[in-house]
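Okay, so the sequence shown: first residue is 2 according to the working numbering, each after it adds one.
C-beta atoms are modelled at their ideal positions from N, C-alpha and C, and glycine is treated no differently.
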Amino acid sequence: MNPKSIIVIFGATGDLAKRKLFPSLYRLYEKGHLNDQFAVVGVARRPLSADEFRNYVRDSVETAFQQKLADERFTSHFYYHPFDVTEAESYQRLKSLLEQLDGTYKTEGNRIFYLAMAPEFFGTVTSRLQSEGLTETHGFKRLVIEKPFGHDLASAEKLNDEIRRVFSEREIYRIDHYLGKEMVQNIEVIRFSNAIFEPLWNNRFIANIQITSSETLGVEDRGRYYDHSGALRDMVQNHMLQMVALLAMEPPIKLTTDDIRHEKVKVLRALRPIAHDEVDRYFVRGQYGRGAIHGKHVPAYREEPNVDPDSNTETFVAGKLLIDNFRWAGVPFYIRTGKRMAEKSTKIVVQFKDVPMNLYYRTNETIAPNLLVIHIQPDEGITLQLNGKKTGESTTITAPFQLDYCNNCIDGINTPEAYEKLLYDCMRGDATNFTHWDEVAASWQFVDPISEVWANTKASDFPNYAAGSMGPAAADELLKQDGFHWWPIEHPRP
Ligand SMILES: NC(=O)C1=CN([C@@H]2O[C@H](COP(=O)(O)OP(=O)(O)OC[C@H]3O[C@@H](n4cnc5c(N)ncnc54)[C@H](OP(=O)(O)O)[C@@H]3O)[C@@H](O)[C@H]2O)C=CC1
Ligand SMILES: O=C1O[C@H](COP(=O)(O)O)[C@@H](O)[C@H](O)[C@H]1O
C-alpha cells in the first residue's frame, strides 16, 4: 500500500530535516514506496522561494548520497511556507495551501505534521494547528514529535497534556530513532523466532546483559542544548531504556503495536527505582577532558562552544539496572553511553551463566562464557561465542570461537536509515516503533532521581575521562564489584 499524505515539516531548514528527513523521503520515493500522491510543505522563518527550497532539498539529497539527481520529479513535490510559528495569522495561509495541495495531489485530506524544531515550540504549534482549523480534515491527522520529550517527568507531562488536547494518543508518533534501526528492530525477532534463545532468556541462564552506545563525536554545534541535557537525558532516558525494554520484555501475545508496547511498559515499570542515596552505588557519571580520537587531538567538553567552562554536565553515563520481575530478578543490565569515546559503536552483549560443572577445570584455566553479541552499529549482525576444543590440544583444553552473521556485509543490501523506516511507518499508520506516552513517563520516572542528585552535587573530579578512552575507571568498577567486566566493543569482521 503506497501512502497518500501531505507532510508538513516545521523546522524544514534545520539540521535534522537536511541530514535525515529529505534524504529519507528521497529513498522512499526512489524505492517506489511513495506514489505521486504526496506533497511536502516546509515551514521555517527564513524567506526562501519555492525554487530555492527545492534546490535546498535537492542539495541535501545529493550531499547525503553523493550523486546528482537526474531530474525534478522528486523535488517538484516540495513547497515552502515561510513564517514564524508563534504568529497565529500565518496558519490560515498554510491552511489554504494544504487545501490546495490536497486537491492537486489527491491526498484525501491526510496530514502529517512533523515537528522538527526546538521543543519549546511543540505546544504552541499543536494548539495553533487546532485553533486555526488545520486539524479539521476528512482524512487522517498525525503528529510526529522529535526528542527531547520534556526534560523530566513534570515537563513531559505538561507537554503531553498540551499535545493531547489536539491529537489522540493513536495520532501521536514520538520519535526515538533507535527504534528505527535495523538491528534494534531485530532484537525481538532474534529472541522470539529462535528456539535456542527463548528458553534460556531468563535469570537461570543469563549472568548479565551489557548495552554500550559509544560515540567518538563531541557535542559539535549542540552545546547550548546538550549542556542543559547531558548524557542521561539525551541517551539513557530514551534510546538506552528502549533497548533494555526490548531485551527484557515478555513475548507479546501478538506482534501488534499495542501488545508490544504493553510488554515494554511492564519492563520499564519493573525497573528497580534508584533512591537518591543509592545513585552513587548504581550509576557513574563522566565528562571528557582533552584527548585524541583516532590520532586527532580534540578539546575538553568544557572548551566546546556554548558550554559553560565550569560545566557540571555529564557526557558519559554507566549504570546498573535491575528489573524486579520473575524473569530477571538478580540479573544486572549494565548500560554505558558517552561522547568522545574510543569508538563509535552500539552493541549488546548477553553473557550466559557458566556451565554448572566445568569438566575442563584446571587451576590456572577458566572456560570462557557463552556470549550472544548483537551488533547494532556501525556493523550490523550477531555473534555467538561458544567453546570448542583447542585445535591440536587434548580435549581438556578449550578455546572460544565465534559464529558470526554480518547483516550489512551482504552485497546489494543497503540497510534503510532509521528515519526512512520511521517516516514510512508513520505514513502507513504503524506506531509500533514509536514511543507511547506510558513508556516516556516510566522512563522519566526512573531517570529523574538520578538527574536530581547530579544536578545538586557538583562532580569534583570532572573531567574524569580522556577523550578517546572508554570512560572513567569507576565504570569498570561498577561491574568488577559484581565479578564481571565490560566486553570489548571492537569486533573485527572476518
Ligand atoms: N539534528 C539532529 O541530528 C537531531 C535533532 N533532533 C531534534 O529535532 C529538532 C530539530 O533539531 P535541528 O534540526 O537540529 O534544529 P535546528 O536548530 O537546526 O533547526 C531548527 C529549525 O526551526 C526553525 N525555526 C526556529 N524558530 C522558528 C520559528 N519561531 N518559527 C518557524 N521556524 C523556526 C529554523 O529555521 P529558521 O531559522 O529559518 O526559522 C530551523 O528550520 C529538535 O527537537 C532536536 O532536538 C533529534 C535528534 C537528532
Ligand atoms: O538522539 C541522539 O542520538 C545521537 C546518537 O545517535 P546514533 O544514531 O548516531 O547512535 C547522539 O549523538 C545525540 O546526542 C542524541 O541526541
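Going by DSSP, Pro450 is part of the alpha helix (DSSP H) stretching over 438-457. Residue pairing by DSSP places Phe11 opposite Val44, Leu116 in a beta bridge. Fully enclosed beta strand (DSSP E) runs of no fewer than 3 residues occupy 79-83 of the segment 71-99, in order along the chain.
In this structure, DSSP gives Lys32 a state outside helix and strand, which the three-state scheme calls coil.
Note on Tyr81: 16 or more other CB atoms within 10 angstroms of its CB, so buried under the neighbour-count rule. Around Arg328, the same chain offers Trp202, Asn203, Asn204, Ala249, Glu251 as residues with beta carbons nearer than 8 angstroms, after the five sequence neighbours per side are excluded. It is roughly 22 angstroms from the alpha-carbon of Phe122 to the alpha-carbon of Met236. Within the same chain, Gly43, Phe79, Tyr81 come within 7 angstroms of Phe54 by CB-CB distance, once the 5 residues on both sides are set aside.
For Asp405, the uninterrupted beta strand (DSSP E) run begins and ends at 399-407, by DSSP. Nearest neighbour of Lys182 by Cα position, chosen from Asp426, Ile490, Gly110, Asp439, turns out to be Asp426.
DSSP places His298 in the strand class (E or B) of the three-state scheme.
The beta carbons of Phe11 and Val58 sit no closer together than 8 angstroms. The way I'd put it, the segment 83-92 does touch the segment 124-137; three or more beta-carbon pairs between them come closer than 8 angstroms. For Ser6, DSSP records a beta bridge to Phe39. The DSSP-derived three-state label of Gly292 is strand. Spatial neighbours of Gly389 in its own chain (CB-CB distance under 6 angstroms, excluding positions within 5 residues in sequence) are listed in chain order as Phe402. Per DSSP, reduced to three states, the secondary structure at Ile191 is helical. Restricted to the segment 273-354, the alpha helix (DSSP H) segments that are unbroken, complete and at least 4 residues in length are 280-283, listed in chain order.
Residue state for Val58 is assigned as helix, using DSSP reduced to three classes. Distance between Arg223 and Arg337, taken at the CA atoms: about 21 angstroms. Using a Cβ distance threshold of 8 angstroms, Pro450 and Ala319 do not count as a contacting pair. Take the alpha-carbon of Glu344 and the one of Ser77: they are about 40 angstroms apart.
Between Ile164 and Ile176, the beta carbon gap of about 13 angstroms keeps them out of contact (Cβ cut-off 8 angstroms). When Thr258, Ile146, Asn187 are compared, the shortest CA-CA separation from Glu381 is found for Asn187.
Taking a cut-off of 7 angstroms from the heavy atoms of ligand 1, the residues with a C-beta inside it are Phe11, Gly12, Ala13, Thr14, Gly15, Asp16, Leu17, Ala18, Arg20, Lys21, Val44, Ala45, Arg46, Arg47, Phe84, Asp85, Val86, Thr87, Ala117, Met118, Ala119, Pro120, Phe122, Glu147, Lys148, Pro149, His178, Tyr226. Remark: fewer than three beta-carbon pairs, one from each stretch, lie closer than 8 angstroms, so the segment 459-473 and the segment 252-263 are not flagged as touching. Closest option to Val332, judged by alpha-carbon separation, among Pro310, Glu170, Leu272: Leu272. A Cβ-Cβ distance of about 5 angstroms is found for the pair Thr347 and Gln378, placing them in contact under the 8 angstroms criterion.
Per DSSP, the unbroken alpha helix (DSSP H) holding Tyr420 starts and ends at 419-429.
In the displayed model, Lys391 falls within coil according to three-state DSSP, outside both helix and strand. Contact check between the segment 114-121 and the segment 143-153: three or more CB pairs, one atom from each, fall below 8 angstroms, which counts as touching. Scanning the segment 158-188 for uninterrupted alpha helix (DSSP H) segments of 4 residues or longer gives nothing; none is fully contained.
By the criterion of a C-beta distance shorter than 7 angstroms, Pro120 is surrounded in its chain by Pro149, once the five residues flanking it on both sides are discounted. Spatial neighbours of Arg47 in its own chain (CB-CB distance under 7 angstroms, excluding positions within 5 residues in sequence) are listed in chain order as Thr14, Pro83. Restricting attention to Leu256, Thr257, Gln243, Glu491, the CA atom closest to the CA of Asp439 is found in Gln243. Annotated three-state conformation of Asn434 is coil, per DSSP.
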